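The UniProt record's numbering puts the first sequence at residues 1 to 479. C-beta atoms are modelled at their ideal positions from N, C-alpha and C, and glycine is treated no differently. Since this is a predicted model, take the numbers as computed values, not measurements.
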Amino acid sequence: MTTFQELGLDPQVTRSLSDMGFEEATPIQAEALPVGLSGSDLIGQAQTGTGKTAAFGIPLIEKADPTLGGIQGIVITPTRELAVQVAEELNKIGQHKGIRTLPVYGGQDIERQIRSLKKRPHLIAGTPGRLLDHLRRRTIRTDHVAITVLDEADEMLNMGFIEDIEAILGQFPEERQTLLFSATMPEQIRRLAGRFMTNPQTIRVKAKEMTMPRIRQQFLEVPQRHKFDILCRLLDIQSPELAIIFGRTKKRVDELSEGLNKRGYSAEGIHGDLTQARRDTVMRQFREGMIDVLVATDVAARGLDISGVTHVYNFDIPQDPESYVHRIGRTGRAGNDGLAITFITSREIGHLRTIERLTKKRMERLPIPSMDAAIEGQQRLAMDKLNKLIKEGGYQPYKTLAEELLEESDSVTLLSAALKLLTKEPDTTPVRISEDSPSFGKKGGGRFRKGGGGGHNRHRSGGGSGGHSGNRRRQHRHN
DNA sequence: AAAAAAC
1 MTTFQELGLD PQVTRSLSDM GFEEATPIQA EALPVGLSGS DLIGQAQTGT GKTAAFGIPL
61 IEKADPTLGG IQGIVITPTR ELAVQVAEEL NKIGQHKGIR TLPVYGGQDI ERQIRSLKKR
121 PHLIAGTPGR LLDHLRRRTI RTDHVAITVL DEADEMLNMG FIEDIEAILG QFPEERQTLL
181 FSATMPEQIR RLAGRFMTNP QTIRVKAKEM TMPRIRQQFL EVPQRHKFDI LCRLLDIQSP
241 ELAIIFGRTK KRVDELSEGL NKRGYSAEGI HGDLTQARRD TVMRQFREGM IDVLVATDVA
301 ARGLDISGVT HVYNFDIPQD PESYVHRIGR TGRAGNDGLA ITFITSREIG HLRTIERLTK
361 KRMERLPIPS MDAAIEGQQR LAMDKLNKLI KEGGYQPYKT LAEELLEESD SVTLLSAALK
421 LLTKEPDTTP VRISEDSPSF GKKGGGRFRK GGGGGHNRHR SGGGSGGHSG NRRRQHRHN
């Protein structure tokens, strides 16, 4: 067991950590911190939710000099939300030492970002495209960059950022420290490490520690057209404090969040087609508990750390087993329990088994919840509300009225009526969720098509928008 | 086939 005290950190850093409630290092931190602090390059193989951000954040803050002007460290993340989150955590760790981190990402007014950059932050957390943009404009200078961090490197590879990453890393001084974090280590990541890192030390959180014993995993077999009603029943029965529902497409996420609102749940959707301002607002509202249910595409699957997420619902089973692991990892964090429930249609059972083989965990089959159970759940919730109010007080002004009521009716009658008022009746407002076209159980489903020739078509099949982004990428290579 | 990411 390593405490932060023992690491001999700057007392101001230790003080910030203790403000954040961090006293003891997590396994990955205990292994990564001595390496990171020594100045060596580091490859960390670890899932999210293991305290990874502090594992690279502490060396970043520790080594930064608050009196120096230039950017001293840069963290590259695959999604904008992750960049925001990393910057927030770095700002907390650097609070007392006076190290400021600026998040830099696309979709945000670049002029405003440039103005923020002029205020001389010490560290940057950003997404690849916008970082490159700033580097080209020379609004981020690299002369003083001493540490670079690649967060979720394998995900950046999957998203086709590898060339951007190489372009970014190529602009930094050679004399610098590089920390790379990745859940998996595909060949291309190894190559990247070989090219840009010097004698990196590899640390790995053991497989046993990588599984998530605190997350209970269940599944539910339900026809596509009934998914939404069943989801509502589950929400009524389980009344999650904070839940994330993952949908397969942006369209489904829109329809789901709209449908949930129609039925009286406080839900908001998030995906990559919303404006960045909207995305930022939704994330903030969810973090502050103003929204109970976040409906999301895989944009929210990775890395996001929202404390108190009690339930994850996979309204659609994720295509990629890895994505499954990331999605359910949004719950059961920081020593809390979590429940992850995956909806499958009958033909997706094979896909579910594939995921089980990979995670080496069986999922419990959940029976289809009945309408009665949903009603009972809501009644229990009403009772809980009442009991909570009794504990909290504040009902004193109603006592005269209560006595008045008791002259007319007996207490059981009155309480029953009050409970009925507090109970949310099952809402059957019709909601239609569009068909979810592709399927997994089917043979020849396209993932591993056999035989030559046909495979090449896949590059063209994306149609207009896919080809467009390909063009942009090609253009950029010529620059 | 979908999602993510620069204007």
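Annotation: glycine 377 to serine 239 spans about 8 angstroms, alpha carbon to alpha carbon. Within the segment 227-287, the runs of beta strand (DSSP E) that reach at least 3 residues and sit entirely inside it are, in chain order, 243-246, 267-270. For isoleucine 43, the closest of Ser182, Thr148, Gln108 by C-alpha to C-alpha distance is Ser182.
The beta carbon of aspartate 292 sits closer than 8 angstroms to the beta carbons of Pro240, Glu241, Leu242, Ala243, Tyr265, Ser266, Ala267 from its chain, once the five residues preceding and following it are set aside; these are given in chain order.
Going by DSSP, proline 121 is part of no alpha helix (DSSP H) at all; its letter is neither H nor E.
Distance from the CA of arginine 141 to the CA of aspartate 65, rounded to the nearest whole angstrom, comes to 16 angstroms. Note: valine 75 is bridge-paired with Ala125, Val149 in the DSSP secondary-structure output. Arg252 is the residue among Ile306, Tyr395, Arg252 whose C-alpha sits nearest the C-alpha of glutamate 435.
Rounded to whole angstroms, isoleucine 390 and glycine 126 show a C-alpha spacing of 48 angstroms.
Here DSSP, grouped into helix, strand and coil, assigns arginine 191 to helix. Threonine 101 sits away from leucine 132, with the two beta carbons spaced by 7 angstroms or more. In this chain, the beta strand (DSSP E) harbouring alanine 340 covers 338-344. Counting every other CB atom within 10 Å of its CB across the protein chains shown gives valine 412 a total below 16, marking it as exposed. By the neighbour-count criterion, in which a residue is buried when 16 or more other Cβ atoms sit within 10 angstroms of its Cβ, glutamine 5 is exposed. Closest option to threonine 275, judged by alpha-carbon separation, among Ala46, His96, Pro34, Asp109: Asp109. Short of 8 angstroms from the beta carbon of glutamate 24, and not among the five residues preceding or following it, lie these beta carbons of its own chain, in chain order: Met1, Thr2, Thr3, Phe4.
Exposure of serine 38 is indicated by the presence of fewer than 16 other C-beta atoms within 10 angstroms of its C-beta.
Pairing methionine 283 with glutamate 31 gives a Cβ-Cβ distance that is not under 7 angstroms.
Within the same chain, and ignoring the five residues on either side of glycine 51 in sequence, the residues whose Cβ sits closer than 7 angstroms to its Cβ are Thr26, Ile28, Gln29. In the structure shown, valine 312 adopts extended strand secondary structure according to DSSP, grouped into three states. At the C-beta level, threonine 77 and aspartate 10 stay beyond 7 angstroms of one another. In the DSSP secondary-structure assignment, proline 34 is not bridged to any residue. For valine 104, the uninterrupted beta strand (DSSP E) segment begins and ends at 101-104. Beta-bridge partners of glutamate 24 (DSSP): Thr3. In this model, isoleucine 74 and glutamate 348 are separated by some 42 angstroms (Cα to Cα). Between the beta-carbon of leucine 17 and that of isoleucine 99 there is about 13 angstroms, and that puts the pair past the 8 angstroms contact cut. The three-state secondary structure of isoleucine 203, taken from DSSP, is strand. The bridge partners DSSP lists for serine 182 are Gln45. Taking C-alpha positions only, leucine 339 is separated from glutamate 62 by approximately 37 angstroms. In the three-state scheme derived from DSSP, where H, G and I count as helix and E and B as strand, glutamine 108 is classed as coil. Within the DSSP bridge table, the entry for alanine 296 names Phe246, Ile270 as partners. Between the segment 300-310 and the segment 188-202 there are fewer than three inter-stretch CB-CB distances shorter than 8 angstroms, so the stretches are not counted as touching. Residue pairing by DSSP places isoleucine 93 in no beta bridge whatsoever. Boundaries cannot be given for isoleucine 368, as no beta strand (DSSP E) includes it and DSSP labels it neither H nor E. The beta carbon of methionine 185 sits closer than 7 angstroms to the beta carbons of Gln45 from its chain, once the five residues preceding and following it are set aside; these are given in chain order.
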